[in-house]
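Engineer: Below you will find the structure I want to go over with you.
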């Protein structure tokens, strides 16, 4: 018997809306220019789109270009085949001058002093955002065209506003996903977790395709939860659209396929009765084929099986997961500095408590009505972990597409862990840890290591 | 319930605030960070020293910490740091392995009895550490560094060495050359820089393979541009020698010849990519520090490597 439709969650409490908007604004000040991860490269890509150059859907490189272009410029030329090489060089020089003016090299341990540099390869050799699919940059380029400012730093700040909008939307989706999930944890706690999580808050002021990737997957997750509840076709349509768009944004967004596919299977079961497994298998096959086809067009996907196995081996190695945890918890100065080690130890303990609580909560009778939604969220989160493993390198932000799932499950687990007479301690302990996390990252991370540029 | 949540949240803010105040109160005056790992220094000889020059603004030297990869338990006494730049004789202190201040790695900590600085605005540190396992080779700098140029896979011997270099940046102002076996009484290292004339077609680089493979001995290297004489500072027996000169404004894509005269017994030392040297660019005063340690592996790219506290 299908679960009864769950009443929609109440609107976000006013304090959560105010808190989210306030910290989103704070983050704009907190993060000095170009201190968001890889911002120079992403800004470069978006600027070329804003200038009216359409990116190619795949890289069209010519070896002969290496004679006149540096490796990073060569990749940009591959993404924009018609773009004049002089324009590529000029744009990099312009952004390098802004990097220099922003004192980035004093704030980032490993960044070179860009004064005198003639290409991005002086910062880090051979790196370019041009390898990314064009989805985010088309939106960012269109947004940049509306920018009333000319200066590079002002335009970067303008583009960061787009990230802030994505951040606010994702916090709202996290809140509403938790509302659909039900369970012991209040949805407002999940919203607060998504809003104050330092590295997610940082994305409110970071120019990076990750901000759109997480929005698309969060949307797919939310509409799938709605669809599981009321079976309206519009949710399936939106989930399918999100899943279709996702591979064009970033490979980490491919997890949007999961909620869409699960929802489609549920609809097939309702519509076709006994034949649904056959149709379900066909759908699954089509989904996998579609995902592989979409992924193969992306340059971040391994070119062959041996390369894929190599990446998987790297991805499953312990250092990769340690790096994932480190950069999820808080890493500043282009991942150079982290939160204090004593807090990392505390976070591990909290994570273990939440995991134990989650296992207990999933099995409890009271969670029976939440179980389909719980299983969907667990599936989305596991898929995101699998994508990180397949990528072969970890960063906390690669998990953010599954943020609604991660935050809702974490809060669900935390509240489930504090059962019986201990339950009243769940909310204060959660509030203590969350504000401690936020404030440590703000003070030690953003202020000490980025704004104050420790020891420079 | 709301009150307890509010109190808990305020407690979280308070703990973070205390942590911040404690850290901010103990910030060093100087911090030298590393470069990207393309310049990881290689396996220097056992018992060799680390040399580093740092600018300082304070009046008295209080403390120095150097990040290391520990080969001994925390608390172990390890190594001796000599410091030139203090009034009178060089200051020296024994090191003690302590937990790192900002990251999980270990530091060698040297506490001084606050000797007066000599007012020169810089300190030269020399670290000798007989324990093979204690230190990590690492090359680090603050300043504008250019391309790394290979000597080849074999160390260069003593005597007069010629090499050609074509920098990728303007304002060439020096070279960092990894050396070993340089006792203080061995005599100076002399570097001379010549401009090699461009071919009429501007294809200067086509001469580079010839210069590299055949050397320039006996040939006319072109116009003499710069000469640097470096008296070796004690207790240097290894490290990157910094040979700085007034910047050559237009150096990008120009071809230069170097003549390096080494004292008897000196050899270059390699890094993970073989034997090479690095071009330095810009104002010589912009270079905040340069040094090597030993051991063959790098610390994480994020690690700060040397801190100095002064009063």
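Protein chains in written order, with this note's numbering: chain A, 30 to 485; chain B, 94 to 404.
C-beta atoms are modelled at their ideal positions from N, C-alpha and C, and glycine is treated no differently.
The structure presented is a predicted model; accordingly, all values stated were derived computationally and were not measured.
Taking Cβ positions only, does residue 464 of chain A come closer than 7 Å to chain B?
Structural biologist: With 7 Å as the cut-off, residue 464 of chain A counts as an interface residue toward chain B.
Engineer: In angstroms, rounded to a whole number, what distance separates the CA positions of residue 253 of chain A and residue 246 of chain A?
Structural biologist: Taking the straight line joining both Cα atoms gives about 10 Å.
Engineer: Out of A:276, A:228 and A:454, which has the shortest C-alpha to C-alpha gap to residue 469 of chain A?
Structural biologist: When each option's Cα is compared against that of residue 469 of chain A, the closest is A:228.
Engineer: Answer with buried or exposed for residue 232 of chain A, where buried requires no fewer than 16 other C-beta atoms within 10 angstroms of its C-beta.
Structural biologist: Classification of residue 232 of chain A: buried, given that the 10 Å Cβ count is 16 or more.
Engineer: Is the CB-CB distance between residue 258 of chain B and residue 323 of chain B below 7 Å?
Structural biologist: No, Cβ-Cβ distance for residue 258 of chain B and residue 323 of chain B is not below 7 Å.
Engineer: Return helix, strand or coil for residue 109 of chain A, following the three-state DSSP convention.
Structural biologist: The answer is coil: DSSP assigns residue 109 of chain A none of H, G, I, E or B.
Engineer: Against residue 113 of chain B, what residues of chain A qualify as contacts under a CB-to-CB distance less than 9 Å, listed in chain order?
Structural biologist: Simply 468, 469, 471, 472, 473, 476 and 477.
Engineer: Please list the terminal residues of the continuous beta strand (DSSP E) segment that includes residue 173 of chain B.
Structural biologist: From DSSP, the beta strand (DSSP E) with residue 173 of chain B extends over 170-177.
Engineer: Compare the beta carbon distance of residue 255 of chain B and residue 352 of chain B with 7 Å and say whether it is the shorter of the two.
Structural biologist: Their beta carbons are under 7 Å apart, which means residue 255 of chain B touches residue 352 of chain B by this criterion.
Engineer: Please identify, using Cβ separations under 9 Å, the residues of the region 436-463 of chain A that lie next to chain B, in order along the chain.
Structural biologist: Going along the region 436-463 of chain A in chain order, one finds 453, 454, 456, 457, 458, 459, 460, 461, 462 and 463 with a Cβ nearer than 9 Å to chain B.
Engineer: Nearest-angstrom Cα distance between residue 61 of chain A and residue 131 of chain A?
Structural biologist: Using only the alpha carbons, I get a separation of about 8 Å.
Engineer: Express the C-alpha separation of residue 337 of chain B and residue 7 of chain A in angstroms, rounding to a whole number.
Structural biologist: For residue 7 of chain A there is no data in the structure shown, the boundaries of chain A being 30 and 485.
Engineer: Please name the residue in A:313, A:301, A:153 and A:169 whose C-alpha comes closest to that of residue 291 of chain A.
Structural biologist: The shortest C-alpha separation from residue 291 of chain A is found at A:313.
Engineer: In angstroms, rounded to a whole number, what distance separates the CA positions of residue 179 of chain B and residue 186 of chain B?
Structural biologist: Looking at the two C-alpha atoms, the distance is approximately 13 Å.
Engineer: Does the count of Cβ pairs from the region 455-471 of chain A and the region 108-115 of chain B closer than 8 Å reach three?
Structural biologist: Yes, the region 455-471 of chain A touches the region 108-115 of chain B.
Engineer: Just to confirm before moving on: does the CB-CB distance between residue 284 of chain A and residue 436 of chain A stay below 7 Å?
Structural biologist: Contact flag unset, no.
Engineer: What did DSSP end up calling residue 339 of chain B once you bin it into helix, strand or coil?
Structural biologist: Reduced to three states, the DSSP call for residue 339 of chain B is strand.
Engineer: Curious, which full-length alpha helix (DSSP H) runs of at least 4 residues does the region 330-387 of chain A contain?
Structural biologist: Runs found: 334-345 and 347-358.
Engineer: Using a Cβ-Cβ cutoff of less than 6 Å, which residues in the same chain neighbour residue 59 of chain A once the five nearest sequence positions on both sides are dropped?
Structural biologist: 475.
Engineer: Cβ of residue 434 of chain A within 7 Å of Cβ of residue 410 of chain A?
Structural biologist: In this structure, residue 410 of chain A lies closer than 7 Å to residue 434 of chain A by Cβ.
Engineer: Report the option in A:76, A:390, A:454 and A:373 whose CA atom is closest to the CA atom of residue 212 of chain A.
Structural biologist: Answer by Cα proximity: A:390.
Engineer: Which two residues bound the contiguous beta strand (DSSP E) that contains residue 285 of chain B?
Structural biologist: 282-288 is the extent of the beta strand (DSSP E) around residue 285 of chain B.
Engineer: Using beta-carbon positions only, say whether residue 204 of chain B and residue 153 of chain B come within less than 7 Å of one another.
Structural biologist: The answer is no: Cβ separation not under 7 Å.
Engineer: Give a yes or no on contact between the region 377-385 of chain A and the region 288-307 of chain A, applying the rule of three or more CB pairs nearer than 8 Å.
Structural biologist: Result no; under three Cβ-Cβ pairs closer than 8 Å.
Engineer: Please report the residue range of the beta strand (DSSP E) in which residue 316 of chain B lies.
Structural biologist: Per DSSP, residue 316 of chain B belongs to the beta strand (DSSP E) from 316-323.
Engineer: Please look up how many angstroms separate the CB atoms of residue 250 of chain A and residue 288 of chain A, rounded, as I've assumed it's under 8 Å.
Structural biologist: Contact holds; Cβ gap of about 5 Å.
Engineer: With three or more C-beta pairs closer than 8 Å as the rule, is the region 159-169 of chain A touching the region 122-129 of chain A?
Structural biologist: They do not touch, by the three-pair rule.
Engineer: Using a Cβ-Cβ cutoff of less than 6 Å, which residues in the same chain neighbour residue 104 of chain A once the five nearest sequence positions on both sides are dropped?
Structural biologist: 157 and 159, listed in sequence order.
Engineer: Can you name the residues of chain A whose CB is closer than 8 Å to the CB of residue 350 of chain B?
Structural biologist: Going along chain A, no residue has its Cβ under 8 Å from residue 350 of chain B, so there is no contact; the nearest lies around 22 Å.
Engineer: Measure from the C-beta of residue 97 of chain B to each C-beta in chain A and report whether the shortest distance is under 7 Å.
Structural biologist: Yes, residue 97 of chain B lies at the interface with chain A (some Cβ there is under 7 Å from its Cβ).
Engineer: If you follow the beta strand (DSSP E) that residue 173 of chain A is part of, which residue opens it and which one closes it?
Structural biologist: It is not in any beta strand (DSSP E) - residue 173 of chain A instead sits in the alpha helix (DSSP H) that spans 164-174.
Engineer: What is the C-beta distance between residue 184 of chain A and residue 57 of chain A, in whole angstroms, given that I count them as a contact (C-beta under 8 Å)?
Structural biologist: Not quite, the Cβ-Cβ distance comes to about 14 Å (not below 8 Å), so this is no contact.
Engineer: Have a look at residue 340 of chain A and residue 333 of chain A and give me their C-alpha separation to the nearest angstrom.
Structural biologist: Computed Cα separation, rounded: 11 Å.
Engineer: On the three-pair Cβ rule with 8 Å, is the region 219-227 of chain A touching the region 257-276 of chain A?
Structural biologist: In short, these stretches do not touch, since the Cβ pair count stays below three.
Engineer: Ignoring anything shorter than 4 residues, give me the alpha helix (DSSP H) runs that lie fully in the region 58-109 of chain A, in order along the chain.
Structural biologist: Taking only runs of at least 4 residues, the alpha helix (DSSP H) segments lying wholly in the region 58-109 of chain A are 68-79 and 100-108.
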